[in-house]
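Here the protein sequences line up with chains A and B, keeping their order.
Read in order, the letters of the first sequence correspond to residues 197 to 537 in our numbering.
Read in order, the letters of the second sequence correspond to residues 197 to 537 in our numbering.
Everything below concerns the one structure shown next.
Protein chains: 2
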Amino acid sequence: MNSSKPYVIGIDMGGTNTVFGIVDARGVVLASNSIKTRKHSRIEDYISELYEETMRLVRSIEAEGKIFGIGVGAPNANYFTGMIEDGVNLPWPTPVPFAQMLMDKFGIPVAITNDANAAAIGEMTYGVARGLKDFIMITLGTGVGSGIVVNGQLVYGHDGFAGELGHVIVKRNNGRLCGCGRTGCLETYCSATGVARTAREFLEITEEPSLLRNISVEDITSKDVYDAAMAGDSIAKKVFEYTGNILGEALADFTVFSSPEAFVLFGGLAKAGDLLLKPLRESMEKNMLSIWKGKVKVLQSELKEADAAVLGASALGWEAKPVNTATVVPPASAAPIAPQA
Amino acid sequence: MNSSKPYVIGIDMGGTNTVFGIVDARGVVLASNSIKTRKHSRIEDYISELYEETMRLVRSIEAEGKIFGIGVGAPNANYFTGMIEDGVNLPWPTPVPFAQMLMDKFGIPVAITNDANAAAIGEMTYGVARGLKDFIMITLGTGVGSGIVVNGQLVYGHDGFAGELGHVIVKRNNGRLCGCGRTGCLETYCSATGVARTAREFLEITEEPSLLRNISVEDITSKDVYDAAMAGDSIAKKVFEYTGNILGEALADFTVFSSPEAFVLFGGLAKAGDLLLKPLRESMEKNMLSIWKGKVKVLQSELKEADAAVLGASALGWEAKPVNTATVVPPASAAPIAPQA
Numbered sequence: 197m198n199s200s201k202p203y204v205i206g207i208d209m210g211g212t213n214t215v216f217g218i219v220d221a222r223g224v225v226l227a228s229n230s231i232k233t234r235k236h237s238r239i240e241d242y243i244s245e246l247y248e249e250t251m252r253l254v255r256s257i258e259a260e261g262k263i264f265g266i267g268v269g270a271p272n273a274n275y276f277t278g279m280i281e282d283g284v285n286l287p288w289p290t291p292v293p294f295a296q297m298l299m300d301k302f303g304i305p306v307a308i309t310n311d312a313n314a315a316a317i318g319e320m321t322y323g324v325a326r327g328l329k330d331f332i333m334i335t336l337g338t339g340v341g342s343g344i345v346v347n348g349q350l351v352y353g354h355d356g357f358a359g360e361l362g363h364v365i366v367k368r369n370n371g372r373l374c375g376c377g378r379t380g381c382l383e384t385y386c387s388a389t390g391v392a393r394t395a396r397e398f399l400e401i402t403e404e405p406s407l408l409r410n411i412s413v414e415d416i417t418s419k420d421v422y423d424a425a426m427a428g429d430s431i432a433k434k435v436f437e438y439t440g441n442i443l444g445e446a447l448a449d450f451t452v453f454s455s456p457e458a459f460v461l462f463g464g465l466a467k468a469g470d471l472l473l474k475p476l477r478e479s480m481e482k483n484m485l486s487i488w489k490g491k492v493k494v495l496q497s498e499l500k501e502a503d504a505a506v507l508g509a510s511a512l513g514w515e516a517k518p519v520n521t522a523t524v525v526p527p528a529s530a531a532p533i534a535p536q537a
Numbered sequence: 197m198n199s200s201k202p203y204v205i206g207i208d209m210g211g212t213n214t215v216f217g218i219v220d221a222r223g224v225v226l227a228s229n230s231i232k233t234r235k236h237s238r239i240e241d242y243i244s245e246l247y248e249e250t251m252r253l254v255r256s257i258e259a260e261g262k263i264f265g266i267g268v269g270a271p272n273a274n275y276f277t278g279m280i281e282d283g284v285n286l287p288w289p290t291p292v293p294f295a296q297m298l299m300d301k302f303g304i305p306v307a308i309t310n311d312a313n314a315a316a317i318g319e320m321t322y323g324v325a326r327g328l329k330d331f332i333m334i335t336l337g338t339g340v341g342s343g344i345v346v347n348g349q350l351v352y353g354h355d356g357f358a359g360e361l362g363h364v365i366v367k368r369n370n371g372r373l374c375g376c377g378r379t380g381c382l383e384t385y386c387s388a389t390g391v392a393r394t395a396r397e398f399l400e401i402t403e404e405p406s407l408l409r410n411i412s413v414e415d416i417t418s419k420d421v422y423d424a425a426m427a428g429d430s431i432a433k434k435v436f437e438y439t440g441n442i443l444g445e446a447l448a449d450f451t452v453f454s455s456p457e458a459f460v461l462f463g464g465l466a467k468a469g470d471l472l473l474k475p476l477r478e479s480m481e482k483n484m485l486s487i488w489k490g491k492v493k494v495l496q497s498e499l500k501e502a503d504a505a506v507l508g509a510s511a512l513g514w515e516a517k518p519v520n521t522a523t524v525v526p527p528a529s530a531a532p533i534a535p536q537a
């Protein structure tokens, strides 16, 4: 670490809130705040507010001139190009060269990636994945995101978009319609919305009494299902078994790809604890190729939830380089393994 | 390259034959030969014959003292430990510390990995994957093997066994029994034996005439199905459509993992050409997440088949290090991304 620049800024852009904070090399969030992502229809205004509010924090801890870099987790953000490519839930037109725009405003190096990748970097730097060289982060929120770490490095792939495990097809026939336009994607079953969908389906195909019948069916959330299951509701418990079973099958399949030491679960649904984890682990082991049976851990993130998003993004800030990231593209040719004569 | 050691030895151990050759840095196989893998019941005798025959080649091209390293592709060979862990088709007990035994015999650094990984390294070094940093090698032989390259590096995973894509479950219900003991694995459908199984199934469920009915049903091979399809046989053509369709679905799913620039197909079945590739590409595109539609190439290996196995293994020889690989295990802890204060 450059001892004159001991801090990084982490920015987590969500569809509703943008959370940001100043973090030191030990992962302590020294100051944080948030603004509304959708308040401005011009991205320049959004960036201006973000700049003003962030600099207010910087001044509050007397960190002027001591920021090493800025790390950003944002939907569909591309590490290679610095672009936010497709902002489904954002109020301004995309693609936008977000890293470049932030760098121009702050005068500090910026690195961006998608939220799940930022979460993986956060876990590797400050969380339960510290010391792991091969693991897969699975974020279970409104959708299912993932960040894959191989040999200590995040997998970005050819174009920066690798690690969309929420869009592996887990039901080839009669699968649920996904936001991506296809059917049967993992995230239609194993996200918070997937849990609510499963509950609605289960309530429909049986007459069994359930606490969930007290809620208007289209208003049921995964939190309602969790509360009902904790209260002993049989249908709600079956919903978590069904969800854990599908996720376990998927994790067993993912294992053959990169042979991770662990999966790290994060996000609202991961907080369901054993309700989800017990059927998940059983299903994963049952479906695991024999060489990996009993060998792959399933861990829950232990980062404080309020800090996790900012921490994950901030960890990327240590990777930010003082160059024009908007023009950094992966080199077209790889060095051959055989030394040249 | 150490100009005094301009050659590597490549050894490809198959269940039947072990092929070996001397290769230069440009990928020219200067001399090659083979021995029967199963001739000796003691591995020491196998290694002795391999040594004698290989050194005969070395002398024939006056390469004594000019061998940089030895690369080996062998079933279930572990790059990290140097062990052949589970030799299903081998006549001696496993696990064996194969890298160490070869190194003791030859006095030259040895690196080993499984056959599909060796093939991937060969393609990256000498073949169609030259210049690609992110690609996935799929070998379509008796089984389905794979070697995954991310950011120019082979993915070994936590334990050295990553990349078993032949064992992704593609049929969750009523899938075919796999050699691994589970059901529905990709390789039960998309290998040479999978093609023969599909042909037998198709012949059973219909009365449709077929050239394949001239062959005793249990003797049908993928080559027979290929020949029949090339002769216009309708059932045989449907077998390749079915196979290509399943493989295309699988490749679309694999794409979300590492976002490869290309898949490289190798092995007997890959030689079926458009019979397989046309339905495969159609199915892959149809099932692809929209951001990758039309963007991921499917390439066929162009290495001369007689040389390919030796070339792939030999390319690994350039990575061999003059240390006791039998004790090289991956470090337990990764360097954190955040620089230490």
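Cβ coordinates follow ideal geometry from the N, Cα and C atoms, glycine included.
Reference residue i, options the options, closest by Cα
| i | options | result |
| --- | --- | --- |
| B/Glu319 | B/Ile334, B/Lys474, B/Gly428 | B/Ile334 |
| B/Asn369 | B/Leu361, B/Arg378, B/Gly362 | B/Arg378 |
| A/Ile266 | A/Thr250, A/Arg372, A/Val345, A/Ser256 | A/Thr250 |
| A/Asp208 | A/Arg372, A/Leu246, A/Asp429, A/Ser406 | A/Leu246 |
| B/Phe453 | A/Ala424, A/Asp282, A/Val346 | A/Val346 |
| B/Trp488 | B/Ser342, B/Gly278, B/Ala458 | B/Ala458 |
| A/Leu461 | A/Gly303, A/Ile332, A/Ala270 | A/Ile332 |
| A/Lys517 | A/Leu472, A/Met299, A/Gln349 | A/Met299 |
| B/Lys467 | B/Thr277, B/Leu495, B/Ser455, B/Gly490 | B/Leu495 |
| B/Glu481 | B/Gly469, B/Thr394, B/Ser244, B/Phe450 | B/Phe450 |
| B/Ser387 | B/Arg372, B/Leu485, B/Ile401, B/Leu399 | B/Arg372 |
| B/Lys419 | B/Lys232, B/Ala509, B/Ala395 | B/Ala395 |
| A/Glu403 | A/Thr384, A/Ser430, A/Val421 | A/Ser430 |
| A/Lys474 | A/Pro202, A/Leu226, A/Gly217, A/Lys433 | A/Lys433 |
| A/Leu541 | A/Glu501, A/Glu445, A/Leu399, A/Phe264 | A query on residue 541 of chain A cannot be resolved here, the shown segment of chain A reaching from 197 to 537 and no further. |
| B/Val173 | B/Ala273, B/Arg238, B/Gly217, B/Glu281 | Residue numbering for chain B in the displayed model covers 197 to 537; residue 173 of chain B lies beyond these limits and cannot be assessed. |
Coarse secondary structure for residue i, derived from DSSP in three states
| i | result |
| --- | --- |
| B/Asn483 | helix |
| B/Leu507 | helix |
| A/Ser418 | helix |
| A/Lys474 | helix |
| A/Leu226 | strand |
| A/Ala458 | strand |
| A/Met209 | strand |
| A/Tyr275 | coil |
| A/Ala315 | helix |
| B/Ala307 | strand |
| B/Lys500 | coil |
| A/Lys493 | strand |
| A/Ala534 | With a pLDDT of only 40 at A/Ala534, under the threshold of 50, the placement of this residue in the model should not be trusted; the figure read from the coordinates follows. It is coil, neither helix nor strand. |
| A/Gly444 | helix |
| A/Gly513 | helix |
| B/Asp160 | This structure does not reach residue 160 of chain B, given that chain B is present from 197 up to 537, and the question cannot be answered. |
| A/Asp429 | coil |
| A/Gly261 | coil |
| B/Thr521 | Note on B/Thr521: pLDDT 44, under 50, position unreliable in the model; no value is reported. |
| B/Gly464 | helix |
Chain A contact residues for residue i, given Cβ-Cβ distances below 8 Å
| i | result |
| --- | --- |
| B/Leu226 | By Cβ distance, chain A contributes nothing, its closest Cβ being about 14 Å from B/Leu226, past 8 Å. |
Listed by chain order, chain B residues near residue i by CB distance under 9 Å
| i | result |
| --- | --- |
| A/Pro456 | Gly353, His354, Ala358 |
| A/Ile344 | Val346, Phe453, Ser454 |
| A/Leu461 | Residues of chain B passing the Cβ test: none, with the nearest at roughly 18 Å. |
Chain B residues whose Cβ lies nearer than 8 Å to that of residue i
| i | result |
| --- | --- |
| A/Asn483 | Ile365, Arg378 |
| A/Asn347 | Gln349, Val351, Tyr352 |
Beta-carbon neighbours of residue i, restricted to chain A and to distances below 7 Å
| i | result |
| --- | --- |
| B/Ile487 | Phe357 |
Residue i: contacting residues in chain B (beta-carbon distance under 7 Å)
| i | result |
| --- | --- |
| A/Asp330 | Gly353, His354 |
Residues that residue i contacts on chain A, provided the C-beta gap is smaller than 9 Å
| i | result |
| --- | --- |
| B/Phe399 | It is worth fixing the name first, because residue 399 of chain B is Leu in this sequence and not Phe. By Cβ distance, chain A contributes nothing, its closest Cβ being about 24 Å from B/Leu399, past 9 Å. |
Q) Using a Cβ cut-off of 9 Å, which residues of the region 374-392 of chain B contact any Cβ in chain A, in chain order? A) Cys376, Gly377, Arg378, Cys381
Q | Uninterrupted beta strand (DSSP E) stretches inside the region 336-401 of chain B (no shorter than 3 residues) | A | 340-346
Q: Could you please tell me which residues of the region 241-273 of chain B, in chain order, have their CB closer than 7 Å to any CB of chain A?
A: none
Q) If you measure beta-carbon to beta-carbon, which residues of the region 282-299 of chain B are closer than 7 Å to chain A? A) none
Q) According to a CB-to-CB cut-off of less than 7 Å, which residues of the region 492-519 of chain A neighbour chain B? A) Ala511, Trp514, Glu515
Q: Taking only beta carbons into account, state which residues of the region 439-456 of chain B come closer than 9 Å to chain A, listed in chain order.
A: Glu445, Ala448, Asp449, Phe450, Thr451, Val452, Phe453, Ser454, Ser455, Pro456
Q: Compile a chain-ordered list of the residues in the region 307-338 of chain B whose CB is closer than 9 Å to at least one CB of chain A.
A: Ile317, Met320, Thr321, Tyr322, Ala325, Arg326, Gly327, Leu328, Lys329, Asp330, Phe331
Q | Against chain A: residues of the region 464-484 of chain B by CB proximity under 8 Å | A | Asn483
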